[in-house]
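Engineer: My structure is below; once you've seen it, I'll send some questions.
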């Protein structure tokens, strides 16, 4: 088999941990598998490099972000080389590859580029002569400028999945510091249980709704290329039953679940433009301005004001986009004539996720009743086929997670 | 004018120093010059990376050295990007280049590759749109493997000179932590004076004889491409008279000097194979074995033993080659039948250097008399057209330097 293994920053945090990673790789080779490893930078190194950059630049222009990419990508360059050396030292034919050597072609904005294409031929051909190849994660080469481009924070997960797709790997194991995907955050309730399998769609909603186990982009890449992804712990022994496997919707999950998990995100802000004179195209102006500043908007609600003549528009976005929200609103303030602008980050988003929800009617009722029983006020609600999200005051976040985990009896389910 | 500036590890040792370097670059741009900067890694970083490598590998095989190169070259990748960011922040159009992007083609052993070719076209063409380009020193790309190769310690000087040659720069300024080349090491005698000009040949002999101001390879590259190199301090204000300029032999040096400087090296070992039965080809066997182990031999002396039937062969090499010397000698011990092998590192090499020596007869006599007056025993002597070197007991090294500096009246000369 051909296995892709990905190890994050804490997994390669020092030389001893790199040696531990080498043992995980060796275990696969010993079972006659070929392995491609994707590594992040040593934990802390990327932050240090970003800190250096911020001391000499505000990093707003593309020219600056291109230098930023060249600088921060060096972290993965170091760990890929060190793991290759350790694999050689324990007796294997190993070599490292940098993004530009494969090449991993990217496009889009430097510092948050997207992978455009990976030619798997060089890797597959090189593997004929090697036991293991180690690829620097998080990086590629911009097709036009010929410069190093990085994929943004957490991009190594996406590197691993995209490489697995390009080389047609049999499985892509994402090693991290948790042992899989849980019904909810185990730090919030000890009733949380590890899921043996989860569908791509569920994982996507979970990643989007606050679970930090996998980056959203890596899940959607896995889904669109049908890559068999497993999430598991670097620090525990790996067995066949380790971790959580991402599967297709139609793949055999023995006992169908209605609700799979509860996510909680405290990284949201709630923005309200109050009392605007309504006119056709008002929303288009507002959300056009936000799009221009590359603000990702999540939930949106529009209300008619109590006097019936003016409207409020409310949306949520992530905390780190607040500055750009302010700039965008400022650009259009003479056009939209709002009375007040309210920005509130004292909120949490709680999501109930499950592929079984689409064909099940009682979910929203169960959810809302559980919240009402504890007097938890829901500021905003949004739904998709496999998810119901609600915005609540931040202080109720943990309580809400526990209440919903109980309400959907997630601790009792046969988890697989 | 087109100026190449090179800054070493202490010059870019932290963010404040990188900002100081940016001011030096700005000064040249403000005079309507275009600038290409070559940088080393932050001081300490290369040692840290080498330390990591040694924890996971003995770094003997080429496959390991290729990883080593990929790892340690990341240090220059970081500083080149940071300086580019700082130049942008103070208002200039700047970008960095890595070795593989130019490309700087290398060949030979990884970790001590030599520059084979640099196409200056891309740099010159890019400079039409930019004020300054910053190139990561010490690195290139191997023409065959397509992997990053480093030039060995101190290789950034060579990068700078080779780039200056490739782009046909008007001058190559090597910024370091000393303010130029001195008649001898100022830490040994305060009579040492800075030389305003020195010929390539003299500088080459000085670098080879122990002066650490410039790396030998960078000087020979400058000489063969006739690059106008200046050595000066990062930490002092730069004027027209700063530093030491490397010039051609035939260039106008106002007052001809006979002796230019005194060098002192304590990095030598003295190896003697005693009492070997002489036969034709004996030396060829010995020095062939040494060459096979890539040992650089400096001085060589062959003596007939007191009994007239056997001979001694003595040579010097640098301390870090002792292990390979032992291996080489061991390989041929059944062939050459020496009685004893003596390895002595308790020695120093003192060299008197000057292009005027070739046409001047009294130099050796003045040198030997000065040494004899202080009862300094000379173990070995070797001469070239512009240099006399002698090996002496290490404890006399500083005394010998001061005595010779006085004997040739170097403190009295008009230094230019």
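Protein chains in written order, with my numbering: chain A, 1 to 416; chain B, 417 to 832.
Every residue gets a Cβ at the ideal spot worked out from N, C-alpha and C, and that includes glycine.
1) With residue 534 of chain B and residue 578 of chain B assumed to form a contact (beta carbons below 8 Å), what rounded beta-carbon distance in angstroms separates them?
2) Who are the near neighbours of residue 116 of chain A in its chain, counting only those whose CB is closer than 7 Å to its CB and skipping five residues on each side?
3) Under the DSSP definition of a beta bridge, which residues are partnered with residue 87 of chain A?
4) Just to confirm my understanding: we take residue 366 of chain A, look at its own chain, exclude 5 residues before and 5 after, and list those with CB closer than 6 Å. What are they?
5) Return the bridge partner residues of residue 7 of chain A from the DSSP annotation.
6) When you compare only the Cα positions, how much space is there between residue 416 of chain A and residue 409 of chain A?
7) Is the beta carbon of residue 548 of chain B sitting closer than 9 Å to the one on residue 687 of chain B?
8) Can you give me the Cβ contacts of residue 324 of chain A inside the same chain, cut-off strictly under 6 Å, excluding the 5 residues immediately before and after it?
9) Hey, would you say residue 491 of chain B sits closer than 9 Å to residue 565 of chain B, going by beta carbons?
10) When DSSP labels each residue in this structure, what does residue 165 of chain A get in the three-state scheme?
11) Interface residues of chain B around residue 67 of chain A at Cβ under 8 Å?
12) In chain B, which residues lie less than 8 Å from residue 113 of chain A when you measure between Cβ atoms?
13) Report the neighbours of residue 49 of chain A on chain B: residues whose CB is nearer than 7 Å to its CB, in chain order.
14) Between the segment 217-232 of chain A and the segment 191-203 of chain A, are three or more C-beta pairs nearer than 8 Å?
15) Could you please tell me which residues of the segment 376-395 of chain A, in chain order, have their CB closer than 9 Å to any CB of chain B?
16) Any C-beta of chain A within less than 8 Å: which residues of the segment 425-438 of chain B qualify?
17) Whose Cβ in chain B lies nearer than 7 Å to the Cβ of residue 156 of chain A?
18) Output the distance between the C-alpha atoms of residue 444 of chain B and residue 593 of chain B, rounded to the nearest integer angstrom.
19) For a contact meaning CB atoms closer than 8 Å, what does residue 517 of chain B contact in chain C?
20) Within its chain, find whatever has a CB closer than 6 Å to the CB of residue 604 of chain B; leave out the 5 residues flanking it on each side and keep chain order.
21) Over the uninterrupted alpha helix (DSSP H) stretch that includes residue 708 of chain B, give me the two end residues.
22) Compare the Cα-Cα distances from residue 86 of chain A to each of B/525, B/509, B/632 and B/472 and report the closest residue.
23) Determine whether the Cβ of residue 423 of chain B lies closer than 9 Å to any Cβ atom of chain A.
24) So, is the C-beta of residue 75 of chain A closer than 9 Å to a C-beta in chain B?
25) Taking residue 64 of chain A as the query, report the chain B residues whose CB atoms sit under 7 Å from its CB, ordered along the chain.
26) Residues of chain A with CB under 8 Å from residue 680 of chain B, in chain order?
27) Quick check: the Cα distance between residue 102 of chain A and residue 165 of chain A, rounded to an integer number of angstroms?
28) Sort B/752, B/661 and B/745 by Cα distance to residue 591 of chain B and report the nearest one.
29) What three-state label does DSSP hand residue 734 of chain B in the structure shown?
30) Short of 6 Å in beta carbon distance, which residues of its chain neighbour residue 540 of chain B, apart from the five on each side in sequence? Order them along the chain.
31) From B/812, B/525, B/696 and B/418, pick the residue whose C-alpha is nearest to that of residue 586 of chain B; which is it?
32) Out of B/682, B/819, B/704 and B/796, point me to the one whose CA is closest to residue 625 of chain B's CA.
33) Using a Cβ cut-off of 8 Å, pull out every chain A residue sitting near residue 468 of chain B, in sequence order please.
34) Answer yes or no: do residue 488 of chain B and residue 453 of chain B have a C-beta to C-beta separation smaller than 9 Å?
35) Go ahead and pull the three-state DSSP assignment for residue 46 of chain A.
36) Using the beta-carbon of each residue, which ones in chain A are nearer than 8 Å to residue 472 of chain B?
Structural biologist: With the structure as the only source:
1) 6 Å
2) 105, 106, 107 and 143
3) Its beta-bridge partners do not exist; DSSP assigns none.
4) 407
5) A/39 and A/175
6) For residue 416 of chain A, the pLDDT reaches just 49, beneath the cut-off of 50, and the residue's location in the model is therefore unreliable, leaving the point undetermined.
7) no
8) 293 and 295
9) no
10) helix
11) 497, 498, 500, 501, 504, 511 and 512
12) Neighbours of residue 113 of chain A on chain B: none; closest Cβ ~16 Å, over 8 Å.
13) 494
14) yes
15) none
16) 431, 434 and 435
17) Within 7 Å Cβ-Cβ: nothing; residue 156 of chain A doesn't reach chain B, min ~16 Å.
18) 19 Å
19) Among the chains of the structure shown, chain C does not appear; the protein chains present are A and B.
20) 814 and 817
21) 698-708
22) B/472
23) no
24) yes
25) 501 and 504
26) Here the premise fails: no neighbours, minimum Cβ distance about 38 Å.
27) 14 Å
28) B/661
29) strand
30) 583
31) B/418
32) B/682
33) 15, 78 and 82
34) no
35) helix
36) 15, 18, 19, 82, 85, 86 and 89
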